[in-house]
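These notes concern the structure reproduced below.
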Amino acid sequence: MGDSETSPHDPPSNPAWPRVKELFLAALDVPDEQRRAWLQRMCGEDAPLRQQLESLLAHDASGDELFDRPAAALLGSDAFEDGPATLAPGAQLGHYKIISLIASGGMGDVYRASDTRTETQVAIKMARATAFDPDGGRSLAREARHASTLSHPNICAIHTVGSVDGVRFIAMELVDGPTLRDLLRTGPVGLDRALGYGIDIAGALAHAHVRGVVHRDLKSSNVAIDPTGRAVVLDFGLSTRLPGAEGTHTSGSLTAGPDGPVGTLSYMPPELLLGKPADGRSDLWSLGVLLHQLVAGELPFRGETPFATSSAILAESPRSLSRSVPLALRLIIERCLAKEPGNRYQDAASIRNALISLRDGRRGLLTVRLALGRGRTRRHLAAAALTLFVGMAVLFASGAVSRPIGAVAILPLTHGSTAVDEVYASGIADALVARLGALTNLRVIARDSAVLAAKGRSSGEAARQLGADAVIRGHLSRTAQQLHLDLELVAAETDDVLWSASFQRSVDEALVLQAEAVQALVSRIDPKLRPEAVARLALVPTVRPDAYEAYLKGRFEWNRRTSGSLQRAIDYFQRSIDLDPTYAAAHAGLADSYNQLGTVMVGSASPRTTRPKAEAAAIKALQVDPDSADAHAALGYVRHYSWRWIEAEREFRRAIELNPAASLPRIWYANLLMSRGRFDEALQQAYAARDIDPFSLVVTTNIGWIQFHAGRPGDALDALTRAVALDGSYPQARWRLADVLSAQNRPEEAIEQAEIVLRLTGRTPSSLANLASVYARAGRRPEAKRLLEEALAHDGYISPGMIAPAYVDLGEYDMALNWIERTCDEQANAAVYLAVVPWALPLWPHPRFQAALRRINLQAPLSR
3 MGDSETSPHD
13 PPSNPAWPRV
23 KELFLAALDV
33 PDEQRRAWLQ
43 RMCGEDAPLR
53 QQLESLLAHD
63 ASGDELFDRP
73 AAALLGSDAF
83 EDGPATLAPG
93 AQLGHYKIIS
103 LIASGGMGDV
113 YRASDTRTET
123 QVAIKMARAT
133 AFDPDGGRSL
143 AREARHASTL
153 SHPNICAIHT
163 VGSVDGVRFI
173 AMELVDGPTL
183 RDLLRTGPVG
193 LDRALGYGID
203 IAGALAHAHV
213 RGVVHRDLKS
223 SNVAIDPTGR
233 AVVLDFGLST
243 RLPGAEGTHT
253 SGSLTAGPDG
263 PVGTLSYMPP
273 ELLLGKPADG
283 RSDLWSLGVL
293 LHQLVAGELP
303 FRGETPFATS
313 SAILAESPRS
323 LSRSVPLALR
333 LIIERCLAKE
343 PGNRYQDAAS
353 IRNALISLRD
363 GRRGLLTVRL
373 ALGRGRTRRH
383 LAAAALTLFV
393 GMAVLFASGA
403 VSRPIGAVAI
413 LPLTHGSTAV
423 DEVYASGIAD
433 ALVARLGALT
443 NLRVIARDSA
453 VLAAKGRSSG
463 EAARQLGADA
473 VIRGHLSRTA
483 QQLHLDLELV
493 AAETDDVLWS
503 ASFQRSVDEA
513 LVLQAEAVQA
523 LVSRIDPKLR
533 PEAVARLALV
543 PTVRPDAYEA
553 YLKGRFEWNR
563 RTSGSLQRAI
573 DYFQRSIDLD
583 PTYAAAHAGL
593 ADSYNQLGTV
603 MVGSASPRTT
613 RPKAEAAAIK
623 ALQVDPDSAD
633 AHAALGYVRH
643 YSWRWIEAER
653 EFRRAIELNP
663 AASLPRIWYA
673 NLLMSRGRFD
683 EALQQAYAAR
693 DIDPFSLVVT
703 TNIGWIQFHA
713 GRPGDALDAL
723 TRAVALDGSY
733 PQARWRLADV
743 LSAQNRPEEA
753 IEQAEIVLRL
763 TGRTPSSLAN
773 LASVYARAGR
783 RPEAKRLLEE
793 ALAHDGYISP
803 GMIAPAYVDL
813 GEYDMALNWI
823 ERTCDEQANA
833 AVYLAVVPWA
843 LPLWPHPRFQ
853 AALRRINLQA
863 PLSR
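Positions 3 to 866 (my numbering) are the ones given, in order, by the sequence shown.
Right, dumping it as structure tokens:
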């Protein structure tokens, strides 16, 4: 039996060999009909180089082997159809002695063999000439060359590439253990083993991808587990190089268990199914399939036929994983299985790092359960705080600390499909923002900005967009009786998971669940904070569960800020109060809702009716809980528009002190300062609100509005243009923008914005009056008058503060003064701004206007 065998340690002795070798390996991938032109392009006038390459290529075509290197190209055993062995036990292949057949098929055979020189066992793979096209042997050797730069503990090592009577063979590391396919026959492998195997596989892929090698056929049968538990990736790059390999893999596993009826197809990414080229991200999809399989025991995409499986991969979401699988791992798998390669991880090293973070986080995680009864006494509150104190002391002793975090954002929690699921998810996220915001050395970015920043971005990208060091993301599951919250802390720079934890409570203990999440988060974000301070942050209020759920629904509706949603919010808050009259948060929510019902854009009732109700609710909230930040802010709002300036400022300052992470109290305080002509202070508060909530429409719009009145129209235009870009359907931003454009003598642009407001609001009296003002300033008086008549004929409440400017712009000052006096009579919100709004300047000399200012205790003029 003639044989030819070479070693990777014996390259030709030629100084130019590295360049020759590089070009030779590249030439092997160039189709025969294109090779001559390719050689001409590569070699140019270097005749000796071209001659040497042509000689090597001719030698390669003859079937003789010239050199071999460490690689990984073991063909997985399921790639073979059943077939007879071609070598009997005891047969010799050079210095390899065959022991037994491992697998055999139409494409070749894999044997267990002994290396007689070292007395170690190896695996021998032979490609039989009858199983391939005439170039099949060369294809096998070519795959070894493509993997020649790989040397990694989690990649099967190749020892030798040789040939026997023209049939190629590869001698490689024998991994003496089951494949993942074998292990999966009995179901999931368990979380710890899944993480360990995933880390090993990702490490192997990272090593290969950096060296330009893509596996293209990663699956459960191509990963073996050695006796130490090490995962070893087999068969690098082979399947796509062997003609017919994919078809054989598919048909050869029709009766297989864990891999499903279509074998390799089940691991194939969408881009390959669509005929697009593969790159490293294609392997990351296959790794995601494997990870899903390891924790679920089943494939994420499966159909009864190859067509059905292909359709599922291309169009369907992966099968849901059990909530017992940590959220962090579910998100890693979800990202690996993104349909578009650009939405996946972009390199295997990132997956490996994420898996390591999750594994290490699980090892260091201490879950502190809070034993809190249903009683509503101070004794129970003290017990709750003590439990948290002791738990946090233990957690601090564990030393679970890392680099400091100065700014954090809480992304919207994903949740189940029902409306109540969304309500709970929104409420818990808001509670986390409020509680974490009490940390003086932590900047917590508000909810509205996090919602906008998260759209279409990864967690790390959202964090960077928000200027945060990290983000908190999570998922809330809710059944009839249970809440299950998964949270993780993700670094902005790397997308690494810094911390993760799961919390489960009955629905009746939703507030306890929040407290547990807060104390665990705080221990990770601010490890130097004293345990007793953490316990105060995580104090659990006592409230009836049904009252709390009604409150959450009220806040959810309040956040929508429409006239109808505010009415619904009032109903929910009132129900919460009826169920639990001592629940301060519900009283504060009721005050907020009545305050907003009297505003210009969504107001549907006179402030004379709504403001006393808001004041009573805010006062009741403070009687129950003197430290309610929401109640202090709501009362400050009432006092401001009731012209009780000193009291209003005191309430706003107290609200900000109690909840530094809330942006709205700062904006409301900024508006008070602006109405008093304190523009620099107003902008200082507005910019502080922007730091908290950089993507907030309310914040950005109010910044532009304050800048406009502070005599900075250019800055105002920039801010309001940004607000419109954030959300073009937010009418108040366009309304304020129309005012700025009109003041800058840009009438057509102003009209365009005001007309959009009219469409967005459905021709409310306020939007009709606003457009009438803009038309009047543009000289379109007849149209302005028609719109004003339509506004005044409207059924329902008409804000007098919107009608007065239209009459000023029409030059009808007496009518304008009538409406200004009515504005003061109703204590409409617009009254407090009379000393700073530019539209009122023509009225300043009039005694009736001066009398209105004295009535409000304003002095004149305050605008810049």
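For each residue, glycine too, the CB sits at the ideal point set by N, CA and C. Model, not experiment: these values are computed from the prediction.
Taking residue i as the reference, which of the options has the closest Cα?
i           : options               : result
residue 840 : 435, 815, 587 and 712 : 712
residue 811 : 344, 769, 774 and 833 : 774
residue 755 : 691, 443 and 731      : 731
residue 617 : 175, 596 and 606      : 596
residue 153 : 764, 494, 209 and 498 : 209
residue 481 : 473, 421 and 457      : 421
residue 583 : 802, 310, 320 and 548 : 548
residue 492 : 470, 777 and 607      : 470
residue 765 : 751, 739, 800 and 784 : 800
residue 459 : 446, 345, 501 and 435 : 345
residue 218 : 296, 859, 279 and 749 : 279
residue 874 : 849, 826, 842 and 664 : Nothing can be reported for residue 874: it is not among the residues displayed for the chain, which extend from 3 to 866.
residue 785 : 528, 220 and 808      : 808
residue 33  : 90, 557 and 59        : 59
Residue i by DSSP, collapsed to three states: which one?
i           : result
residue 270 : coil
residue 478 : strand
residue 417 : strand
residue 853 : helix
residue 263 : Any reading at residue 263 needs caution, since the residue's pLDDT is 29, under 50, leaving its predicted position unreliable; the model's value is listed next. Looking at residue 263 - three-state DSSP - the assignment turns out to be coil, as it is neither helix nor strand.
residue 838 : coil
residue 773 : helix
residue 2   : Outside the displayed span of the chain (3 to 866) sits residue 2, for which this structure offers no information.
residue 830 : coil
residue 545 : coil
residue 631 : helix
residue 764 : coil
residue 848 : coil
residue 747 : coil
residue 439 : coil
residue 559 : helix
residue 26  : helix
Which partner residues does residue i have in the DSSP bridge list?
i           : result
residue 98  : 95 and 117
residue 823 : Answer is none; residue 823 lacks a bridge partner.
residue 472 : 410 and 493
residue 233 : 227
From what residue to what residue does the beta strand (DSSP E) around residue i run?
i           : result
residue 309 : Taken as a continuous stretch (DSSP letters only), residue 309 belongs to no beta strand (DSSP E), being part of the alpha helix (DSSP H) at 308-317.
residue 122 : 122-128
residue 484 : 484-493
residue 599 : Careful: residue 599 lies outside any beta strand (DSSP E), inside the alpha helix (DSSP H) at 586-599.
residue 500 : 499-508
residue 656 : Premise fails: residue 656 lies in the alpha helix (DSSP H), 647-660, not in any beta strand (DSSP E).
residue 226 : 225-227
residue 412 : 409-412
residue 663 : Premise fails: residue 663 is in no beta strand (DSSP E) and is neither H nor E.
Can you tell me where the alpha helix (DSSP H) holding residue i begins and where it ends?
i           : result
residue 39  : 34-45
residue 619 : 609-626
residue 445 : Premise fails: residue 445 lies in the beta strand (DSSP E), 445-447, not in any alpha helix (DSSP H).
residue 327 : Run containing residue 327: none; DSSP gives neither H nor E here.
residue 565 : 565-581
residue 285 : 282-298
residue 797 : No alpha helix (DSSP H) contains residue 797, which DSSP labels as neither H nor E.
residue 513 : 512-527
residue 809 : 802-811
Which ranges would you report for the beta strand (DSSP E) in the segment 156-196 if only whole runs of at least 3 residues count?
Qualifying beta strand (DSSP E) stretches, in chain order: 160-166 and 169-175.
In chain order, which alpha helix (DSSP H) runs of at least 4 residues are fully inside the segment 676-718?
Correct list: 681-694 and 699-711.
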